[in-house]
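Chemist: Using our numbering, the letters of the sequence shown correspond one by one to residues 42 to 365.
Even for Gly, the Cβ is constructed at its ideal location relative to N, Cα and C.
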Amino acid sequence: MDGRFVLEVPASVTTRFLVATEALELPAPDRLPDAAGHGALAREAAAMLKAGGLVVEPVTRPSGDLKARFHRLATPPGRLGAVVGARRHVAVTAAGPPAGQPRTAQAARLAARALAAAVGGTVADLDSRRILPGAPPAVEPEAFALGRAWVSVFVTLDPADAARARIDTAGLHRFGLPEAAARHVPYASMLTAANLVRGLAWQLVAEQTAWLGRGRRDRARATRHERAVSAADVLRFWGTGPPGGAFGDAGSVTVRLGWTGTDCPDCAAAIEVVPPVRLSRSAGAPDAVPRASPPPCGPAEDPWWRDAADTMPKIARASPDPPG
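1) Mind checking residue 49: buried by the 16 CB within 10 Å criterion, or exposed?
2) Taking the beta carbon of residue 126 as the centre, do at least 16 other beta carbons fall within 10 Å, making it buried, or is it exposed?
3) Measuring straight from C-alpha to C-alpha, what distance separates residue 348 and residue 203?
4) Compare the Cα-Cα distances from residue 137 to each of 343, 261 and 54 and report the closest residue.
5) Residue 162: buried (16+ other C-beta within 10 angstroms of its C-beta) or exposed?
6) Does residue 214 come out as helix, strand or coil in the three-state DSSP assignment?
7) According to the Cβ coordinates, are residue 152 and residue 180 closer than 8 Å?
8) Could you please give me the residues that DSSP links to residue 99 through a beta bridge?
9) Just mark residue 169 as buried or exposed, buried being the case when its beta carbon has 16 or more other beta carbons within 10 Å.
10) Would you mind listing the alpha helix (DSSP H) stretches within the region 193 to 265 that are 4+ residues and don't spill past its ends, in chain order?
11) Using only the alpha-carbon positions, how far apart do residue 45 and residue 244 sit?
12) Classify residue 220: buried if its beta carbon has 16 or more other beta carbons within 10 angstroms, exposed otherwise.
13) Helix, strand or coil, according to DSSP, for residue 170 in the structure here?
14) Report buried or exposed for residue 233, applying the criterion of at least 16 other Cβ atoms within 10 angstroms of its Cβ.
15) Work out the CA separation of residue 192 and residue 299 for me, nearest whole Å.
16) Hey, does residue 247 have any beta-carbon neighbour from chain C nearer than 8 Å?
17) On the CB-based measure, 16 or more other CB atoms within 10 Å of its CB, does residue 355 come out buried or exposed?
18) Report the partner residues of residue 268 according to the DSSP bridge assignment.
19) Excluding sequence positions up to five away, which residues of its chain have a Cβ less than 6 Å from the Cβ of residue 142?
20) Below 8 Å on the Cβ atoms is my guess for residue 128 versus residue 62; work out the distance and round it to an integer in Å.
21) Taking residue 185 as part of the alpha helix (DSSP H), name the residues at either end of that continuous run.
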């Protein structure tokens with residue numbers, strides 16, 4: 042085994058927001074930069090609007106894809122109905138090379154929030170599958186942290202093993218990465234698995250950002266298929282961890298990366314967090330890509346999850362929220 046895991050780097054990524062409002066009239070597009078303010082993000086949003094990298098347009102007839110993304114939103118039914126059934130919907134979409142992230146996505150969300158504030162509307166993030174809080178919407182912070190509603194983590198019943206759960210992210214694809222997942226998770230280890238996936242998500246985005254920052258424009262990038270994920274990585278996901286430092290600081294758990302299926306409409310597959318005791322090769326799999334085996338027949342890997350629980354933070358969300 043050569044110890045490398047190959048990721049495809051897309052030429053372009055898209056960030057999608059939707060503003061739902063009862064307003065009869067919408068502000069002209071040239072008024073949006075003024076509504077967004079005068080900070081660095083506002084200037085980037087204005088430049089993107091002028092260059093066509095950020096598009097704000099009313100939705101007159103929702104496409105099948107948009108309807109599907111609508112109904113993937115995870116929110117209380119009453120609030121979802123209010124958003125889906127709103128009088129007007131406005132799509133706020135930004136597209137560009139992955140090297141522009143996360144600033145491109147931040148500028149797009151600022152524009153969506155500014156529009157929502159101007160029309161008394163609500164912002165739905167179609168990538169992280171959530172409706173953003175705020176009435177009026179909160180100010181978009183200049184500082185970036187994945188845990189600030191950029192990447193969601195969902196827990197569902199594992200379709201391959203009804204006695205266990207599955208963890209999936211939503212939102213990583215807008216940074217040019219597959220979504221991340223953990224399968225066959227014992228119910229008692231759901232919080233551990235969710236935090237493990239958050240720590241891995243932070244590592245993957247930090248790696249890719251640094252790699253692209255060095256001017257790399259290759260369409261494939263190799264990373265380590267076996268790695269350590271630490272509690273500090275999870276805190277960095279929330280924007281509260283120690284700055285710098287190597288991936289997998291002291292007090293970490295070792296995982297391997299595999300591939301698994303996903304319902305993400307923008308991903309061919311998801312990166313699976315695989316306990317090392319459950320790694321095997323599928324027949325005909327490429328040498329550089331580890332593949333996960335079928336679910337275990339017994340609780341052989343549960344001790345690994347118990348060890349992981351000793352390492353991962355015992356929190357679902359960092360508090361207090363870091364300053365903007």
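Modeler: Judging by the given coordinates:
1) As a first step, residue 49 must be located in the sequence shown, where it is residue number 8. With fewer than 16 other Cβ atoms inside 10 Å of its own Cβ, residue 49 counts as exposed.
2) Position 85 of the sequence shown, counted from the first residue, corresponds to residue 126. Per the 10 Å Cβ criterion, exposed.
3) In the sequence shown, residue 348 corresponds to position 307, counting from 1. In the sequence shown, residue 203 corresponds to position 162, counting from 1. C-alpha separation (whole angstroms): 23 Å.
4) Counted from its first residue, the sequence shown places residue 137 at position 96. Here the closest residue by C-alpha is 54.
5) Counting from one through the sequence shown, the residue named residue 162 turns up at place 121. Looking at its Cβ environment, which holds 16 or more other Cβ atoms inside 10 Å, residue 162 is buried.
6) Against the sequence shown, residue 214 aligns to sequence position 173. It is helical.
7) Position 111 of the sequence shown, counted from the start, is the residue given in the question as residue 152. Position 139 of the sequence shown, counted from the start, is the residue given in the question as residue 180. Not a contact, by the Cβ cut-off of 8 Å.
8) Here residue 99 corresponds to residue number 58 of the sequence shown, with the count starting at 1. DSSP, once it has assigned bridges, lists 131 as partnering residue 99.
9) In the sequence shown, counting from the first residue as 1, residue 169 sits at position 128. Within 10 angstroms of the beta-carbon of residue 169 lie 16 or more other beta-carbons, which makes it buried.
10) Runs of the alpha helix (DSSP H) lying entirely within the region 193 to 265 and spanning at least 4 residues, in chain order: 231 to 254.
11) For the purposes of this step, residue 45 is taken as residue 4 along the sequence shown, with counting starting at 1. For the purposes of this step, residue 244 is taken as residue 203 along the sequence shown, with counting starting at 1. Spanning the two alpha carbons is a distance of roughly 15 Å.
12) What you label residue 220 is simply residue 179 of the sequence shown in a count that begins at 1. Flag for residue 220 reads buried.
13) The residue labelled residue 170 in the question sits at position 129 within the sequence shown. In the structure shown, residue 170 sits in coil (DSSP, three-state: anything other than H, G, I, E or B).
14) As a working note, residue 233 is residue 192 in the sequence shown. Per the 10 Å Cβ criterion, buried.
15) Counting from one through the sequence shown, the residue named residue 299 turns up at place 258. Counting from one through the sequence shown, the residue named residue 192 turns up at place 151. One C-alpha to the other measures close to 20 Å.
16) In the structure shown, chain C cannot be found, because there is only a single protein chain.
17) For the purposes of this step, residue 355 is taken as the residue at position 314 of the sequence shown. Exposed, because fewer than 16 other Cβ atoms sit within 10 Å of the Cβ of residue 355.
18) Here residue 268 corresponds to residue number 227 of the sequence shown, with the count starting at 1. In the DSSP assignment, the residues bridged to residue 268 are 296.
19) As a position in the sequence shown, residue 142 is number 101, starting the count at 1. Spatial neighbours of residue 142 in its own chain (CB-CB distance under 6 Å, excluding positions within 5 residues in sequence) are listed in chain order as 216.
20) For this step, residue 128 is matched to residue 87 along the sequence shown. For this step, residue 62 is matched to residue 21 along the sequence shown. The distance from the Cβ of residue 128 to that of residue 62 is about 7 Å, consistent with a contact at the 8 Å cut-off.
21) Within the sequence shown, residue 185 is the residue found at index 144, counting from 1. Element bounds for residue 185: n/a, residue is neither H nor E.
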